[in-house]
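From first to last, the protein sequence lines are chains A and B. First residue of the first sequence: 759, per our numbering; consecutive thereafter. First residue of the second sequence: 759, per our numbering; consecutive thereafter. The beta carbon of each residue, even a glycine, is placed where N, CA and C say it ideally should be.
Protein chains: 2
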Amino acid sequence: MQLGILYGISVGTGDPELITVKGLRILQAADIVTFPQGINNKPGVAQKIISQWLQPQQTTVPLYFPYVRDQNILESAWQKAAAIVWQYLQQGNNVAFACEGDVSFYSTFTYLAATLTKLHPEVVIETVPGVCSPTAAASELQMPLTVSNERLIILPAIYTVAELETALDLAEVVVLLKVSSVYKQVWQILQKRGLLESSWVVEKATCSDRKIYHNLQYHPHLQLSYFSLLLIRVLKTAL
Amino acid sequence: MQLGILYGISVGTGDPELITVKGLRILQAADIVTFPQGINNKPGVAQKIISQWLQPQQTTVPLYFPYVRDQNILESAWQKAAAIVWQYLQQGNNVAFACEGDVSFYSTFTYLAATLTKLHPEVVIETVPGVCSPTAAASELQMPLTVSNERLIILPAIYTVAELETALDLAEVVVLLKVSSVYKQVWQILQKRGLLESSWVVEKATCSDRKIYHNLQYHPHLQLSYFSLLLIRVLKTAL
């Protein structure tokens, strides 16, 4: 029996129509469609995005990826997920894994693919790029993310204030992903630097319930959800 | 007569199937389809990407954007392009502008949109995000662009060696866009830092003639085309 192929498919940031034509073609042709299982028995983010595209004959398989930092717990989950996917591949099924955002950009798929490759070097994996959150957020804001020779820094987390200060010194545009837990400290730095008026928060970009916050001087405190991003234009390039 | 809408549509990095479902829907519904004119009477990059998607009744309008740095020449070209587009919008036509890569990411569309908005504040502009070159290149390389808490710096040009050194000190992943003109100097810095084996060049990502260069220690000199990108993994995050 010929091995099936595992496809990592970027499904974009929320709007189901932001999947690429290629991603949709491969998604709909796959025998098995997997995605990170939602929490509290709710559907996951990627699962919701693709639900309208699924075909009646397709089998959906949620995979469990815990939201923890413990490396042992994580690796155990990756191995379980890899074992499930491997079984389908061995039976000759093509498996599509739906990734929220872009498959190469801070994606859970990376761990699944790496674990599978380690356990079964003969596995065949292909990925389809897609829309990632910084460019999606810029479109929502109706502004460019970057122009001309602007330098861009993307920080997925911030551990020290100094780190953000260095980024603001170096780049014209800084994007902070998953900013909810550090928003208050970040706000203070932006205030000190006079950057609150050239910063924007986009929560759940391209989702039906997305929110945009500007004039951040009026928002020292924001209760944001996990998928919230802060875009800072350190220097305004003349257009 | 109601004004038409100007749509900035991201068409991805080369593979025509990397346009989003939304982008394709709006592109094919537009009365007028514009794109940056190619050089030397050849079709432009975005034009080639969308050619298979165009409908017989659609009018295509190449717009001239010169590849120069002179601000006066540039502004004059933007104004001419804006005047052409505005005429169609005033006649009630919806106009789609096809952008190579993502419309918010170092795109010519930004200048057209800014010029139009300045001249005609009543203009209605919408953008559709898409696949940008760093994530497309990562997919081509079959590796993640970023994982976990990795910091990402994207440099569209390099003016000083110190600038690249600072970026390499700060981030786990550094991407240099349009690296062709500075490749030799960059190569020397990567050699000094022992990073040649964790650096990759992707030329024309997702195009039919795309090329990948790895083991850069054997490639101190490369003749690269304009759309070449260098991806540097400064620190290998364990997977």
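query, result
"For B/I970 and B/H977, the rounded distance between their alpha carbons", "12 angstroms"
"Per DSSP, cross-strand counterpart(s) of B/K969", "B/E961"
"Close beta carbons around B/H979, own chain, < 7 angstroms, minus the five adjacent residues each side", "K942"
"Short CB-CB distance (under 8 angstroms) between A/A896 and chain B", "yes"
"Beta-carbon separation (whole angstroms), A/S768 vs A/C857, contact threshold 8 angstroms", "6 angstroms"
"8 angstroms Cβ shell around B/W811 - same chain, five flanking residues per side excluded", "P774, I777, L782, L785 and Q786"
"Rounded distance between the beta-carbons of B/Y864 and B/V853, thought under 8 angstroms", "Actually they do not touch by this definition, with Cβ atoms about 21 angstroms apart."
"Selection from B/A896, B/G888 and B/A839 that minimises the alpha carbon distance to B/G859", "B/G888"
"Own chain, CB closer than 8 angstroms to A/Q837, minus 5 neighbours either side, in chain order", "T873 and L877"
"8 angstroms Cβ shell around A/I797 - same chain, five flanking residues per side excluded", "Y825"
"Short Cβ contact (8 angstroms threshold) for A/F823 with A/P794", "yes"
"Chain B contact for A/D828 (CB, 8 angstroms cutoff)", "no"
"Per-residue burial, B/L935 [other beta carbons within 10 Å of its own, 16 or more giving buried]", "buried"
"Assumed close pair B/A925, B/L910 - CB separation to whole angstroms, cut-off 8 angstroms", "Actually they do not touch by this definition, with Cβ atoms about 10 angstroms apart."
"Residue from B/Q760, B/Q900, B/L982 and B/L948 whose Cα sits closest to the Cα of B/Q975", "B/L948"
"Sub-8 angstroms separation of B/V886 and A/S897 beta-carbons", "yes"
"7 angstroms Cβ cut-off: residues of chain A touching B/D860", "T893"
"CA-to-CA distance, A/F855 to A/T818, given in whole angstroms", "10 angstroms"
"Collapsed DSSP secondary structure at A/G781 in the structure displayed", "helix"
"Those runs of the beta strand (DSSP E) which lie wholly inside the stretch 848–894 of chain B and span at least 3 residues", "853–857 and 882–886"
"Limits of the alpha helix (DSSP H) - the one that B/V933 falls within", "Counting along the chain, B/V933 falls outside any alpha helix (DSSP H), though it belongs to the beta strand (DSSP E) covering V931 to L934."
"Residues near A/S938 in its chain [Cβ-Cβ closer than 7 angstroms; skip 5 each side]", "L982, S983, Y984 and S986"
"Best match in A/G766, A/G772, A/T792 and A/V882 for proximity to A/R968 [C-alpha to C-alpha]", "A/G772"
"Cβ of A/T778 within 8 angstroms of any chain B Cβ", "yes"
"Through-space distance from A/V960 to A/I807, alpha-carbon basis", "18 angstroms"
"Backbone CA spacing between A/L993 and B/I990 [nearest angstrom]", "26 angstroms"
"Chain B contact residues for A/N907, given Cβ-Cβ distances below 7 angstroms", "P914 and A915"
"Proximal chain B residues relative to A/E1015, where beta-carbon distance stays under 8 angstroms", "Only positions 759 to 997 of chain A appear in this structure, which leaves residue 1015 of chain A out of reach."
"For A/I916, the three-state DSSP class (helix, strand or coil)", "coil"
"7 angstroms Cβ cut-off: residues of chain A touching B/G888", "V889"
"Neighbourhood of A/A895 by C-beta, 7 angstroms cutoff - its chain only, sequence neighbours within 5 removed", "V960, A963, L987 and L989"
"Span of the beta strand (DSSP E) around B/L987", "S986 to R991"
"Alpha-carbon spacing of B/I831 relative to B/T792, whole angstroms", "20 angstroms"
"Contact under 8 angstroms by Cβ, B/S862 with A/L953", "no"
"Whole-angstrom distance between B/A840 and B/R827, CA atom to CA atom", "19 angstroms"
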